[in-house]
Each structure stands twice: as C-alpha cells, then as structure tokens.
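Residue numbers (the UniProt record's numbering), protein chains in the order written: chain A, 1 to 327; chain B, 1 to 327. Don't be surprised by glycine CBs; every beta carbon is placed ideally from N, CA and C. All of these numbers come straight from a predicted model, not from anything done at the bench. A quick write-up on the structure given underneath.
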C-alpha cells in the first residue's frame, strides 16, 4: 500500500490564493536577464529583482498575505528590518496598527523606513534580549497578533508568489527554469517559492543560499534534522542571521529542496558590485547571497536555465559605498 | 483652407515598426511606482527604468533599430558612452563590425563595456578634436556607415518605443499619463518618445529635462529656433553634454514638446541617492535628470499621473560612492 506523504504546512493552493490577494497590491518584479551574467556562467540566468518590490524586499508579500487573513486590529512583529517594513506597509494598507521590535543595530535605513511607514518601533539588544519574549509581551498587553517572519504558513504562501511569477515570466520568453537559487534565513521565502516551483516545474532543482557562518539550512538538509548555528556569529548579511531553520519552514524545505549552497562574505560584496554595475539593481548583502553563490562557482549553471532571487535592497548608503570601493 | 503641417522626420508608424524589430531583443523595462515618491510629489509617478535595458541605457533601442535597417557590414559611431555600448551590442547581435569613437575622459565603465562588447574603440580629446570629423574619416576609410547618436530618424524611432511601453504598462494599471518628463541631450530619446506619447495619449504634456549648464533645448523651445550652449561648460551629466539641439530632433521637439525643465547638479545627485535608496535602481547622473527636475519642484505633479524616464545607469563605482556619501 502506497501512502501519501504527510501534508506540508503550506500547500500549492495556498500560494495561488496568496497571488490572488496580492494582485494589484504587490509589484510583479522584473525577471532580468543580463548578457554579461549569461556569458560569465555559461547558462541563462533569470534574476528575480525583489529589491523593486514594495518596501524594497520580498517580505511585503508574506506580511500582506498574513495580515489580510487576520481579524486582529493590531499586529506586532520582530525583525532585523525587511519583515518590519513589510509588516508596517501591509498593516497600513489594510488599516491595522503595527508595532515592530527591531534590533538596535539594524541598518539605519531599515529603522527609518519602518517608522516612516507609520509603525511604532521598539528596539532591543540582538545579543542580550530575546525578541520572541518581547513580541509575546507586546502581544499580551495590546491584543496585537504576532506576525512571525517565516514560521507562519500564510507568510510562506505569500513569499511563494515569487515562484509563480518566475515561472510565468520565464514562460513568456519560452524558457523553463532547470534550477533555482534562493536565499535562506529562517527559510520562509524558499519554502513558499519551492512549493510553487516544484509543482509548476516538475524536476526543477531548488537550492538554498546562505552565508558561510549561517549555513544552518545547508547542514540541516544534509543531516535530515534542524541544526543550529553556533551563537555569537555575525555576517554582513544582516537579513540572514537566523539561529536555526524554522520548524515549519524546514518541514517544507527538507522535502522540496535539492541542497544548500553557501557563499563567502567577499563573494557577497562582489555580487553586490556586479548587481550595481551590470544589473543596475541595488541589492543588500543578504539579498545578494544567491547571486554570490552562483557567481563564485558553488553552482554550475553551464547550459542550464537558472532562476536566482535577489531578495532585497535595503542597505545604508555608507555601507554600500564602502562595498563599491572594495572595502 | 487648412493645410496639413509639414511632415516630421520621424512618424508614429516608424516607432511602431521599431517596436516590432525590437520585440524579444530589447528589454521591456519595468515601469516602477514607488509609495515614497508618490507621497513626496502628491502625484502618481511612473518611473521607466531604462538602466535595466540591455547595455544599461535606452541607447540600445535606437542603435538596434538603425543597424537592423542598413545593409552596411560595418558601422561607426561617436559617443560619450551609452550610444557606444548600444551600437556595439546591436552590431554584435546583427553580425556587423563596430568602431566607436569615444572621448578620452568618458567614464571608465563605459569604455570597458564598449570594448567588452567587441567594438574597436578610438579615443579623442573632447575639447580639442572634432568627433564628427573623425567619424567621417573612419567611415571613408572602412566603408562603415555612421550611426549618429540622435539625428537619425531610425534612432529616434527606436528610442520612441519607450513611449509605447509607458502607455501600455500604465494602461495595465488603469492609468493614463497626464505628463511625461524625459531627459534631453541631443534630443533623440524625447523626439521618439513624444512621437509615441502624443499620438497615443492626446493632450499629454511632454517636457524635456536638462542640466542647468546645458539647457539648450529649453531655451531653443522658448526661442523657436536652435540655440547652442556656450562652449567649455561641463556637467556631471556626461551623457547630456551636447552642444545644441539636433537638427532633425528639434524639428520634432519644437512641434511636440510642452516645454523644457532644468535641474541643478545637486538635484541630480540627490535624485541618484533617492533612486538608490527608494527605487533600488542604479542611475547615472544624466539618467537622473528627469527625476531631479521632478523632485526639485521644477514640475508640479500634484494630482497628476506623470511618467518619468530614467534613461541610463552606466556610472563608475567611485563616482557613485562619492555621490552616495554626499560629495
């Protein structure tokens, strides 16, 4: 007797429903093909440019899809920055109050933008305080619903709309991706995206991309169980410094991903410079990790059609200028 | 008796034919709407992001449309950089040899990219040598056809496909532009774009945007005749340092434009920073002039739908880093 596999926390139909909710609200970001990148890799690389998304990263998609489905009049979120802006923008569009708990050392641009979107910001110490505890307290005190950055099926489904768009935009050019490389912090983006991609393109190979110091998903995929990163590590990829794979996201990613890639900090800087000079897109360090993995040779694109997600572009001008200068 | 106006050097039908030639070759660049920009201006601003075009600027469109219509096996062009890359890339795609005459002080990125596209580059002194004479000599010696950067109906028609795309992309969001602001050096981009826009959107107001020190088109529109810029001036907008309006382009622009706007060098830098931090698009100084004119208040967008063309993004990392740092 053949048994169906255990159902995953997010289903393909959830991603389709999210796409309906997001129509006319989220930006269908461009899928960029670049002659230089194709020549460098020997493949056809399709770059999904989520920095051009509302709030400058993919996080708006999941936040909006989650908040659109709750009755709560107020929401709270903890985030290093991009989820913060996504929740703030989505809450404002949907007429809800947003409180955001952010690390005190988050990039200034992300703090400023979150406040500019009308959210109340509470700062915490990334190394000394527990953001989940603060979130729970705000939630208890104000009745706000906690919108988790990745371990929420509604959030995963929203992020997964990127996968639907990639397939449709590639098809419009008579292309079908053989593989996809997607950045991975907690794993919500790649969980949703792989849900869409593996259903629409049977046989596609989806790889996570992580900083070398935060390779928890790569190691967890190999081990078949969730492994944490050693505490105290840092990376220029501020958006990808998650302690370990999400509980729900890893259920999806363990089933759907082909494997995990990593890239060095230098490869990330180099990919950011390439995105600036060749693609003309502002990419933040965490947003460049998939491109960095591809360009540094962690993945062989020769003769293949490869989708690469640039996930966000919220980087301080000073940081960006230093990286352009080669620092 | 009512007489038809004298026919212009480029017709709407030429732009439509160019769009057919460019289909699947040029990128249909995104039309970006940004919440922050809308709030700042009080209008709905639709930003056409040509830095994401092949070779990083709109110039590819006109170059390809021209070279596709010639029998010549070789082409030659003079250009501060973007037309150079456009011609080089188009010639390579169409199997022709390209020789490009570039000023020795052109941005390093533009020189390098032009050579990387397989073109032969001849450098000249912007202030001491006549680029047209050099072009004529190469043409005579090699039989190459000179592809002019703007005073060529085929080039204007190619650039005009931007206007067709703006209207179609706006219509997909149920919008119709009331006005458009387009950068202007020799005037080819705005001649073609206004040809498309004024035909498809009767009553639309199209404005040129120029650096304060190179406001020849603004002054010429007021005077009703071509006026030159005083010699020896410079601008950070290297792509817009034309001596005077083109002969053919001004025939079109005099008839179709509503007026000419200008922006200061500081406004250009500020617009580049905004494009970096909010739009996430790399824009070169000349490419930012229309956005600079809008954001510095030269045009009142309140309550209107305004299309703004970002024309190119080929800027050296060092220059860009200095501008990000506020220098």
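- Of all residues in the region 106–123 of chain B, those with a C-beta nearer than 7 angstroms to a C-beta of chain A are 109, reading in chain order.
- Within the region 245–285 of chain B, the runs of beta strand (DSSP E) at least 3 residues long that lie entirely inside it are, in chain order, 259–263.
- With respect to chain A, the C-beta atom of residue 100 (chain B) has no partner C-beta closer than 8 angstroms.
- Against residue 238 (chain A), chain B offers no close residue; the least beta-carbon distance is about 16 angstroms (beta-carbon pairs closer than 9 angstroms).
- Of the residues B:38, B:170, B:267, B:52, the one whose Cα lies closest to the Cα of residue 276 (chain A) is B:52.
- For residue 195 (chain A), DSSP records no beta bridge to any residue.
- Judged by their CB atoms, residue 48 (chain B) and residue 29 (chain B) are nearer to each other than the 8 angstroms cut-off.
- Annotation: Cβ neighbours of residue 313 (chain A) in chain B (cutoff 8 angstroms, chain order): 280.
- It is roughly 11 angstroms from the alpha-carbon of residue 188 (chain B) to the alpha-carbon of residue 208 (chain B).
- The criterion of a C-beta distance shorter than 8 angstroms is not satisfied by residue 191 (chain A) and residue 36 (chain A).
- Nearest to residue 124 (chain A) by alpha-carbon distance, out of A:253, A:101, A:290, A:171, is A:101.
- Contact check for residue 238 (chain A) against residue 286 (chain A) passes: the beta carbons are separated by less than 8 angstroms.
- About 5 angstroms separates the beta carbons of residue 118 (chain A) and residue 92 (chain A), which is inside the 8 angstroms limit, making them a contact pair.
- Below the 8 angstroms Cβ cutoff, chain A contributes no neighbours of residue 162 (chain B), its closest Cβ being approximately 15 angstroms away.
- Given a length threshold of 3 residues, each whole run of the beta strand (DSSP E) inside the region 153–221 of chain B is given here in chain order: 179–183, 205–211.
- Non-local beta-carbon contacts of residue 42 (chain B) in its own chain, meaning distances under 7 angstroms to residues more than five positions away in sequence, involve 301, 302, 303 in chain order.
- Counting only runs of 3 or more residues that sit fully inside the region 22–99 of chain A, the beta strand (DSSP E) segments are 44–49, 74–78, in chain order.
- Around the beta carbon of residue 23 (chain A), fewer than 16 other beta carbons lie within 10 angstroms, which makes this residue exposed.
- Under the DSSP assignment, residue 307 (chain B) falls in the beta strand (DSSP E) whose first and last residues are 305–310.
- Contact between residue 168 (chain A) and residue 176 (chain A) fails: their C-beta atoms lie close to 11 angstroms from each other, not under 8 angstroms.
- For residue 123 (chain A), the uninterrupted beta strand (DSSP E) segment begins and ends at 120–124.
- Interface flag for residue 67 (chain A) against chain B is unset, since no Cβ pair is found closer than 8 angstroms.
- In terms of beta-carbon proximity, residue 325 (chain B) lines the interface with chain A, with at least one pair separated by less than 8 angstroms.
- Below 8 angstroms, too few C-beta pairs join the region 136–154 of chain B and the region 109–118 of chain B to call them touching: fewer than three.
- Taking 8 angstroms as the cut-off, the beta carbon of residue 311 (chain A) is found closer than this to the beta carbon of residue 57 (chain A).
- Under DSSP, the beta-bridge partners assigned to residue 145 (chain B) are B:75.
- Residue pairing by DSSP places residue 102 (chain A) opposite A:123 in a beta bridge.
- Nearest CB-CB separation between residue 264 (chain A) and chain B: not below the 8 angstroms threshold.
- Taking C-alpha positions only, residue 261 (chain B) is separated from residue 186 (chain B) by approximately 15 angstroms.
- For residue 231 (chain A), no alpha helix (DSSP H) run applies, since DSSP gives it neither H nor E.
- For chain A, the residues of the region 3–33 of chain B that bring a beta carbon within less than 7 angstroms of one of its beta carbons are 30, 32, in chain order.
- Taken through DSSP and simplified to helix, strand or coil, residue 292 (chain A) comes out as helix.
- Across the region 168–187 of chain A, no CB contact with chain B closer than 7 angstroms is found for any residue.
- Contact between residue 46 (chain B) and residue 307 (chain B) holds: their C-beta atoms lie close to 5 angstroms from each other, under 8 angstroms.
- Look at residue 80 (chain A): its C-beta is not under 8 angstroms from any C-beta on chain B.
- Nearest CB-CB separation between residue 321 (chain B) and chain A: below the 8 angstroms threshold.
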